[in-house]
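Participant: Please find one structure pasted underneath; my questions will follow.
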Amino acid sequence: MANEQSETIRCPMCGKPNPAEEEVCRHCGARLKPLTVDAKARPTADSYPQAGEEIFDLSAAAEDPLSSLDALLSDVPEGEDLLLGEIDVPLPEEEGAPAETDALLPEEEAALAANALLPEALGEAKQTEPLPPTEAAPWPEGTPEEEALAEAFADAGAETPAAEEAAPEAEEALAPAELPSWLEAMRPVESVPEPPEEEAETPMETQGPLAGLRGVLTPLTAAMLNPEERPWVSGRLALSPEHKKKIDILEQLVRDEFTPQALSHPRTPGTQRILRWLVAAVMLLAAFLPLVAPAFRQAALPGSFPAARAAQTVVARLPQQATVLLAIDYSPAFSAEMAAAARPLLADLQAKKAHLVVVSTHPLGPALADNLLTSLPRPYTAATTLGYVPGGAAGLYTFARLPRLLFATNAAGHPLWTGAALARIHTAADFDLVVVCTDDPEVARMWVEQVQPLLGQGTPLLMVVSAQAEPLVEPYYETAPRQVAGVITGLEGGMAYAATREMKVSAYTWLVWNGYSWVVLAAVALMAAAGLYNLLLGWWEARRHPRQPLLLDDTADEA
Amino acid sequence: MKAPVSTAVAIGVGGVILLGYFLPVPYLTNLRLLLLQWAVFLAAAALFVAALNLSQHHWVRLTNRHEAGTSGLLLIALWGSFVLGLVYPLHSAAVRGLFRFLILPIGVALLGVLTVSLIYAALQMMRRRPGLFSVLFLTTAMLILLGATALPGIGPIPFLSDTLRPWLAQVPAAAGARGILLGVALGTVATGLRILLGSDRPYGE
Amino acid sequence: MTAWTTGLTDIAGLVCVALFLAVMLLGLVVKVPRPGRDLRPLHALRRLRQAIFLTVESGQRLHVSLGRGLLMHQQMAVGMVGLRALERLVSMTAAGDRPTIVTAGTGPLGILSRSTLHSAYETHHWEERYRPTDARVTGLTPFAYAAGAGEVIATENVAANFFLGAFGPEVALLADQAAARGEFVAAGSDSVLAQAVLYAVAEEPLIGEEAFAAAAYLGAGGLHATSLIAEDVFRWLLIALMVGGALFKLVGGHP
């Protein structure tokens, strides 16, 4: 056990044990070891800009970020431009800034730019010009590197007095900056040596909290990009106990930032959960109301459905013992609605002794077809199930042209295309009728686009669709010439079809229809009440608390 | 360019399929049909690969003892159904039972949850996104629902069921849907062309 | 319709495709539009970017779901855009503590998303971050897929979700589950049905071809960006044709 513990490490994010050699957590994928760049991807000294070589000019970028970024982007190869293309540089909104520049940079991207730059740039730095991994050194305790750093800083410190001579000029031009007390206390003013004369020519900061200070930020040079030749400019800090205390606080803050903390998702608020249960309860109650209370049953049929009547006319014209291609292309979830819609049509086909050839572009289609055909009052036995057509539109197109190629035999290995009904079928156009049952308008469209053009005049296409697909399927019926000869839509479409044929609607169907009506009424009542309530509440809240910019709100960007 | 050989093959096959669709040259059409047949078999194989992928995920969870019970049950159900389908024919009592008492109820139950989710979302809509479009959206949804049913004692609502609902579904809704579909079609063409040019290969080999 | 008119329609179609391609390539030569400058702002994608950065900052995960695009169907087109967007999103979140997780509802998308993840990490020399199980096929039927992806939302420390692909109404289950947990959701699909439910459920729905523009707005650049120009050009052409056709018919013309 002890051995197992020594060879496992705990994930800092999820706390679960992992083998010591794992790079990332097996459970949550969090990094277990520090992220470093592969040595092979590490740049050599030659890969850095040499003296005289052109590098990205930061000072120019500060003056005109857009043009500088454009120049940078134009030099990047196509693949790498993918990332740089999205880097947006926020423009300082200063008076007198060129109007053209304002127009070039949309305001909504400006606030994002800082965010966009950081993670992207982190990622891209590894792609384009990977930097060596930063090694965290204890600070301010001395290591050999620190000693060298301190020496260099001390050297720089010896030259600082000249900066004081330049200071009066700056004081005349600038109002003294007012820093917060805590920041003022952190400034090691007494420990900063006087600037040398040469540094009087160093660039002075013109904006931000460092405005008026000279030589605070060192301009980037080509040599500084090379870690081996980087000139260290630093100095020995004389720290008071107070400063040390503040450094400790800062270090603690940084440490906390990297200390993994258990992240908890916002829990679903209780009221939200209760409301969901309430909605479910109301729906269930409405659905079962006609079942338990006969007073809530009604005898009214749904409205008229011309497309369902047209479907019935097509079936009525069908010859006896016709061969009908039946596509069962709905998912199991919609089986109840689809069965209610298709049953009257299937009963009609059964009466005409039509032979069904069943096919599906849904993997569960054959099982659904079996379930549908056996659930009829009289199971439909004159049916041949071909199976599943893989490949979506391409598969359907191939099937419509060459059905025998895709289905040579049945699952048991027996020849399929024998017998009076199937022997004459070579393409989809040889069927007397094609019926597609689907809940998905995309699937309906696929049949209309891939199969219907191959059918010709002699083979009409009928659709039995879920109510959700109706608005997108009905236009195929409305067009002239009709691409779909008739449409039966959902439960009410099936009932309308049955009513057209003066078929007897079963007691079960009536119960379902009544339950459906009450569910619809309940849903509409809930929506109306809640919509009105929320509308009034929103209006009242807007009056009481004018909208504040939120963290994730675009208005924050624009503000 | 990633994987130049496979990219070239993809471009070639895509070009043949595209030209075969537009140009009624017999040789090209037959070649297109042959390629499509291959693709159909490939798609069938991909279904099997998907099942393997699903299994792999749950196998990893099982071996890592992370919700091992659920994953183990799912694996048994997946491959048990597979073996059952291989051994017994579609119309056998075992396969029918599996379908009627397991697959269908689960699917229908999830659709029931979806119904509650959608109604709940509609209730919350005015709070989350108050505005004219939300009012329009909710009003249209309510009118379509009411138009599709019959009121107790009244039957189909006059004017709404026979005039307004069909008009809403066939004119504004269908027109909007057509507009969206045209935009989607343009996007699909652009994506297809990018694939044909070999520029849209975010995946590796 | 006679064979002559059919042939003419076919050739017209081929010419349209060629023109579309020409406009796309021309855009590459003249100027590649850049998000934030040349492209109109898309609110949903702007908020997605913000949410991603907050996700990375909080050490949580981004969940990308690519839907149920079939290999040989036009639905795969939006799936391909989803894959490109995934590549971009991986590079935006690679610096985070938890890697991006991807779910799909079909085998081909599962394979391609896994390959895309690997490729994206490889490009950034962070191969060790790649785990094959971060790209998952969560179910083979629409609702099974939704249930599986919902489990990812619930158990994988997800803070932001991006659904881009071919979905049906089952996408509402995903969006609702994420919303109930207080997670950000941006979603787009090529299906009108999915868009309708997403409008009600998702925090930031992408409408119509906005789903196809997602990769370009996430910085895919190149032909992704220029195809937006081509789409705009053809959109105006279609509008002109429709208006012209309607006017022609109004004055009694016969096409």
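Protein chains in written order, with this note's numbering: chain A, 1 to 559; chain B, 1 to 205; chain C, 1 to 255. Even for Gly, the Cβ is constructed at its ideal location relative to N, Cα and C.
1. Secondary structure at residue 290/A, three-state DSSP: helix, strand or coil?
2. Taking only three categories from DSSP, how would you classify residue 16/C?
3. Roughly how far, in whole angstroms, is the beta-carbon of residue 33/C from the beta-carbon of residue 228/C, given that I think they are within contact range, below 8 Å?
4. In terms of residue numbering, what span does the beta strand (DSSP E) encompassing residue 92/C cover?
5. Residues of chain A with CB under 7 Å from residue 39/B, in chain order?
6. For residue 108/B and residue 155/B, what's the separation of their Cα atoms in angstroms?
7. Count the other CB atoms, across all protein chains shown, that sit within 10 Å of the CB of residue 251/C; report buried if there are 16 or more and exposed otherwise.
8. Where does residue 167/C fall in DSSP's three states?
9. What does the alpha-carbon distance come out to for the pair residue 11/C and residue 536/A?
10. Measure the alpha-carbon distance for residue 28/B versus residue 15/B and round it to whole angstroms.
11. Name, please, each residue of chain B whose Cβ falls closer than 8 Å to the Cβ of residue 207/C.
12. Examine the Cβ distances between the segment 135–150 of chain C and the segment 44–61 of chain B and report whether three or more of them are shorter than 8 Å.
13. My guess is that residue 208/C and residue 12/B are in contact by the Cβ rule of under 8 Å, so how many angstroms apart are they, rounded?
14. At a Cβ threshold of 8 Å, is residue 119/C touching chain A?
15. Please return the same chain residues whose Cβ sits closer than 6 Å to the Cβ of residue 94/C, not counting the five positions on each side in sequence.
16. For the alpha helix (DSSP H) that residue 348/A lies in, which residues bound it at each end?
17. Just the C-alpha distance for residue 131/C and residue 122/C, rounded to the nearest angstrom, thanks.
18. Counting only C-beta atoms, is residue 122/A closer than 8 Å to chain C at any point?
19. Just checking: is the beta-carbon of residue 163/C within a distance shorter than 8 Å of some beta-carbon in chain B?
20. Are the C-beta of residue 167/B and some C-beta of chain A separated by less than 8 Å?
21. Going along the segment 138–163 of chain C in order, which residues come within less than 9 Å of chain A, judged by CB to CB distance?
22. Can residue 416/A and residue 428/A be called in contact, C-beta distance under 8 Å?
23. Of all the CB atoms in chain C, is at least one closer than 8 Å to the CB of residue 402/A?
24. Quick one: give me the first and last residue of the alpha helix (DSSP H) that residue 410/A is part of.
25. According to a CB-to-CB cut-off of less than 9 Å, which residues of the segment 42–55 of chain B neighbour chain C?
26. What is the DSSP secondary structure of residue 41/B, counted as helix, strand or coil?
27. Is there a C-beta anywhere in chain A that falls below 8 Å from the one on residue 114/C?
28. Can you check DSSP and say which residues form a bridge with residue 475/A?
29. Are the Cβ atoms of residue 145/C and residue 82/C separated by less than 8 Å?
30. Establish whether the CB of residue 194/B and some CB of chain C are separated by less than 8 Å.
31. If contacts are defined as beta-carbon pairs under 8 Å, then residue 201/C and residue 172/C qualify, I think. What distance do you get, rounded to the angstrom?
32. Short of 8 Å Cβ to Cβ, which residues in the segment 1–21 of chain B face chain A?
33. When you compare the CB of residue 334/A with every CB in chain B, is at least one pair closer than 8 Å?
34. What do you get for residue 26/B, buried or exposed, if any count of 16 or more other CB atoms within 10 angstroms of its CB means buried?
35. Using a Cβ-Cβ distance under 8 Å, would residue 97/C count as near chain B?
36. Say whether chain B places a C-beta atom closer than 8 Å to the C-beta of residue 527/A.
Facilitator: For this structure:
1. helix
2. helix
3. 7 Å
4. Unbroken run through residue 92/C is the alpha helix (DSSP H), 75–93; no beta strand (DSSP E).
5. Chain A residues near residue 39/B: 391 and 394.
6. 28 Å
7. exposed
8. DSSP places residue 167/C in coil when its eight states are reduced to three.
9. Distance between the alpha carbons of residue 11/C and residue 536/A: 58 Å.
10. Take the alpha-carbon of residue 28/B and the one of residue 15/B: they are about 11 Å apart.
11. 180
12. yes
13. Not confirmed; about 32 Å, so no contact.
14. no
15. 124 and 126
16. Going by DSSP, residue 348/A is part of the alpha helix (DSSP H) stretching over 335–351.
17. 12 Å
18. Its pLDDT being 39, under 50, residue 122/A is placed unreliably in this model, and the coordinates cannot settle the point.
19. no
20. no
21. 140, 141, 142, 143, 154, 156, 157, 158 and 159
22. The Cβ atoms of residue 416/A and residue 428/A lie no closer than 8 Å to each other.
23. no
24. No alpha helix (DSSP H) holds residue 410/A; DSSP gives it neither H nor E.
25. 42, 43, 45, 46, 47, 48, 49, 50, 51, 52, 53 and 54
26. helix
27. no
28. Its beta-bridge partners do not exist; DSSP assigns none.
29. no
30. yes
31. 5 Å
32. So the list is empty, because no residue satisfies the distance condition.
33. yes
34. exposed
35. no
36. yes
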